[in-house]
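As you go down the protein sequences, you meet chains A and B in turn. Counting from 10, one number per residue, gives the positions in the first sequence under our numbering. Counting from 10, one number per residue, gives the positions in the second sequence under our numbering. The C-beta atom is built at its ideal place from N, Cα and C for all residues, glycine as well.
Protein chains: 2
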Amino acid sequence: MAATRTNEYGKGREALLAATVQVVAERGLHGLTLRAVAEVAGVNNTLISHHFGTKDALLHEAVAWATARAIRLSDLSAAETIDGSFAGALVELVTSEPHLQIFQYEFVLESRRRPDLRAEAVALYEGYIEGLELALARHGHADTKPLARAVFAALDGLVFQQLTVAEGIVVQPAIERIGTLLEASLAGSTARPLQEIGGAS
Amino acid sequence: MAATRTNEYGKGREALLAATVQVVAERGLHGLTLRAVAEVAGVNNTLISHHFGTKDALLHEAVAWATARAIRLSDLSAAETIDGSFAGALVELVTSEPHLQIFQYEFVLESRRRPDLRAEAVALYEGYIEGLELALARHGHADTKPLARAVFAALDGLVFQQLTVAEGIVVQPAIERIGTLLEASLAGSTARPLQEIGGAS
DNA sequence: GACGCAACTAAGCAATTGCATAGTTGCTAC
DNA sequence: GTAGCAACTATGCAATTGCTTAGTTGCGTC
C-alpha cells in the first residue's frame, strides 16, 4: 500500500508528479507531504527539493501535468450528444479513474487561496466550457454562452456527486436527463420559429 | 487578521466551531491546525482538546454545526422558480458569504476519505435534491428524480465556479439559463400531451 | 460563602514536517 | 576511459504539529 513504483534512472521526476496526484487524491491536500509523495514514487524525499525546489512548486508542476492529461481525457466531450452512451462513458470514467478527478477538485479549491494556481484552474474550466459551447451551437441551441456554462456545471456537479455522495447508478440517469432537457428545449424552439421571429415582445 | 473574537465565559465551544469553518475556508483543510482555530476563536488551543478531544472530532462537530446552518440558508431553494431574482440572490449569497460554501466543498471532498463524515455529506446533498424534486414535480415536470439531481448539480457546479474560476457576472446568466431550459421543457411536454400519451413507443 | 465542577490557561513533549547540507551513483560526450 | 554533470541518497535540524499534564478561574447550588 505504500512504496509502489520502482523507477529506472531518470524517471524520478515523472514518477513524483504522478505520485503527487495519487497522494492528493487518496489523502487530500493535508496528506500531501514530501515523504508521502517520495514513498509512493519510490524515491528519496530530497529528490523533490532537487527537481522542484519547494513543496508549493511541486504542486504547481503537478497541476500543470495533470490538467494537460485531463483535457486530453475529456475527448469524451467530443461526443456530440449527451445520450445514454455518453452518460455511461462518463460514469465509467469516474468509476475507473477517480484520482485525476479528485485531484482536480482539490486543486481548483486550493486555487482560491493560491493565486499561482488560478490561471491553470481558469484555463481548465474555460477550456471545457468553450468546447461544450461549440457543440451546443452546432446543434442549433440559442444563448449558448450561459447554456454551456450551465451544462458543464451540471456535468461537473454530477461527477462531484459520484465521487462523494452518490452512486453511478443514480448519476447516470441524471446525466441522460440533461440530454433530454436539451432535446426538449431544441424541439420547442425549432417547432415554432416563425411565430417567434414574427411575433412582438 | 489573527485573533478576532473576544469571548465571554461559556462561549468557547461555539466560537471554536465557527472558527473551524472560517479557518478551513480561508486556509484549507491543510491549514486547519488547533492553534490556528484557537487563535481565530480567541481562546487557548488546549480548549479544543477539552471540548472535542481530537482534531478529527472537532472537524466532525464543525461539519454537523455547519450543515445545520447550511440547510437553513438554503431557504433560497424555497423559491419556486429559477428566475432572475433567484439567480441574483444565489450569486449574492455566494459573494457575501463564501466561507460556509467553501467549507462545504472541503468537507464533502474529505468525506470520501473519512467514513465518519459520509452520513453528513449524503444528508446535505440528498436534502437539497429532495427539496428541489418536490418543487419540480409541483411544476409538472416529468422524470423528476434524475432531473432534480441534475438541476441541483448545475446549481452546485455554478456556485463552485463562482467560488473558484468565474465571476458572478457570468454565473448569474448561466443560472437564469437553467430556468429557461426548464420552462422550454415544460412548454414542449404540455403542448403535446395527447399525441404522446396516445402514440406508440 | 464555600463546595463542586465545568470552562479555561500554561507549559511542554514526542512526532512529523519542509528543507538544507553533504555526499554518491550512473549516464553521456569526447 | 574519464571528465563533467544531472539524478539521486543519507543525515540531520529547526519549526510546527496534536495532544498530555497540571494547574487556575469563574459560575451555579445549597
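Helix or strand or just coil, what does DSSP make of residue i?
{"i": "Ile111 of chain B", "result": "helix"}
{"i": "His150 of chain A", "result": "coil"}
{"i": "Thr90 of chain B", "result": "coil"}
{"i": "Arg121 of chain B", "result": "coil"}
{"i": "Leu64 of chain A", "result": "Correcting the residue type first, residue 64 of chain A is Lys in the shown sequence and not Leu. Correct three-state label for Lys64 of chain A: helix."}
{"i": "Leu41 of chain A", "result": "coil"}
{"i": "Ala75 of chain A", "result": "helix"}
{"i": "Ala175 of chain A", "result": "coil"}
{"i": "Tyr18 of chain A", "result": "coil"}
{"i": "Gly188 of chain B", "result": "helix"}
{"i": "Gly197 of chain A", "result": "helix"}
{"i": "Val180 of chain B", "result": "helix"}
{"i": "Val30 of chain A", "result": "helix"}
{"i": "Glu3 of chain B", "result": "Shown here, chain B extends from 10 to 210; a query on residue 3 of chain B therefore has no answer."}
{"i": "Ser135 of chain A", "result": "It is worth fixing the name first, because residue 135 of chain A is Glu in this sequence and not Ser. Three-state DSSP puts Glu135 of chain A in a helix."}
{"i": "Glu106 of chain A", "result": "coil"}
{"i": "Ile206 of chain A", "result": "For Ile206 of chain A, the predicted model reports a pLDDT of 40, less than 50, meaning its position is unreliable; a value from the coordinates is still stated below. DSSP places Ile206 of chain A in helix when its eight states are reduced to three."}
Assuming contact is defined by CB atoms lying nearer than 7 Å, are residue i and residue j in contact in what I supplied?
{"i": "Val52 of chain B", "j": "Gly21 of chain B", "result": "yes"}
{"i": "Val180 of chain A", "j": "Leu191 of chain A", "result": "no"}
{"i": "Leu145 of chain A", "j": "Trp74 of chain A", "result": "no"}
{"i": "His39 of chain A", "j": "His39 of chain B", "result": "yes"}
{"i": "Ala193 of chain A", "j": "Ser194 of chain B", "result": "yes"}
{"i": "Ala71 of chain B", "j": "Ala50 of chain B", "result": "no"}
{"i": "Gln171 of chain A", "j": "Val103 of chain A", "result": "yes"}
{"i": "Leu109 of chain A", "j": "Ala79 of chain A", "result": "yes"}
{"i": "Gly197 of chain B", "j": "Gly197 of chain A", "result": "yes"}
{"i": "Ala163 of chain B", "j": "Ala24 of chain A", "result": "no"}
{"i": "Ile224 of chain A", "j": "Gly188 of chain A", "result": "With chain A running from 10 to 210 in the structure shown, residue 224 of chain A is simply not present."}
Buried or exposed: where does residue i fall if 16 or more other Cβ atoms within 10 Å of its Cβ makes it buried?
{"i": "Arg44 of chain A", "result": "exposed"}
{"i": "Ile178 of chain B", "result": "exposed"}
{"i": "Asp165 of chain B", "result": "buried"}
{"i": "Glu142 of chain B", "result": "buried"}
{"i": "Glu115 of chain B", "result": "buried"}
{"i": "Glu129 of chain A", "result": "buried"}
{"i": "Thr173 of chain A", "result": "buried"}
{"i": "Thr153 of chain A", "result": "buried"}
{"i": "Ala175 of chain B", "result": "buried"}
{"i": "Glu17 of chain B", "result": "exposed"}
{"i": "Thr267 of chain B", "result": "Given a span of 10 to 210 for chain B in the structure shown, any question on residue 267 of chain B remains unanswerable."}
Handout entry: Within 9 Å of chain A by C-beta, residues of the stretch 168 to 180 of chain B in sequence order
Key = The stretch 168 to 180 of chain B vs chain A, Cβ under 9 Å: Val168, Phe169, Gln170, Leu172, Thr173, Val174, Ala175, Val179, Val180.
Exercise for the section: Would you check if the stretch 89 to 98 of chain B and the stretch 128 to 146 of chain A touch, i.e. whether three or more CB-CB distances between them fall below 8 Å? Expected result: Contact between the stretch 128 to 146 of chain A and the stretch 89 to 98 of chain B is absent, because fewer than three Cβ pairs lie under 8 Å.
Handout entry: Contact between the stretch 153 to 163 of chain B and the stretch 176 to 192 of chain A (3+ Cβ pairs under 8 Å)
Key = Judged by Cβ distances under 8 Å, the stretch 153 to 163 of chain B makes contact with the stretch 176 to 192 of chain A, as three or more pairs qualify.
Handout entry: Near-chain A residues of the stretch 118 to 131 of chain B - C-beta to any C-beta below 7 Å
Key = If the cut-off is 7 Å between Cβ atoms, the stretch 118 to 131 of chain B has Leu118, Glu119, Ser120, Arg121, Arg122, Ala130, Val131 near chain A.
Problem - At least 3 beta-carbon pairs within less than 8 Å: the stretch 30 to 39 of chain A vs the stretch 110 to 127 of chain B - result: These segments touch.
Practice task
Can you give me, in chain order, the residues of the stretch 13 to 39 of chain A that have a beta carbon less than 8 Å from any beta carbon in chain B?
Solution key: Of all residues in the stretch 13 to 39 of chain A, Glu35, Arg36, Gly37, Leu38, His39 have a Cβ within less than 8 Å of some Cβ in chain B.
Exercise for the section: Closer than 7 Å, Cβ to Cβ, to anything on chain A: give me those residues from the stretch 128 to 159 of chain B, in chain order. Expected result: Those would be Ala130, Val131, Tyr134, Asp152, Pro155, Leu156, Arg158, Ala159, in chain order.
Exercise for the section: Residues of the stretch 94 to 119 of chain A with a CB closer than 9 Å to any CB of chain B: list them in chain order, please. Expected result: Those residues of the stretch 94 to 119 of chain A that come within reach of chain B (Cβ to Cβ, closer than 9 Å) are Pro107, Ile111, Tyr114, Glu115, Val117, Leu118, Glu119.
Practice task
Return the residues of the stretch 185 to 197 of chain A that lie within a Cβ-Cβ distance of less than 8 Å from chain B, sorted by chain order.
Solution key: Listed by position, the residues of the stretch 185 to 197 of chain A near chain B (Cβ gap below 8 Å) are Glu185, Arg186, Ile187, Thr189, Leu190, Leu191, Ala193, Ser194, Ala196, Gly197.
Exercise for the section: Residues of the stretch 62 to 84 of chain A with a CB closer than 7 Å to any CB of chain B: list them in chain order, please. Expected result: Flagged: no residues at all.
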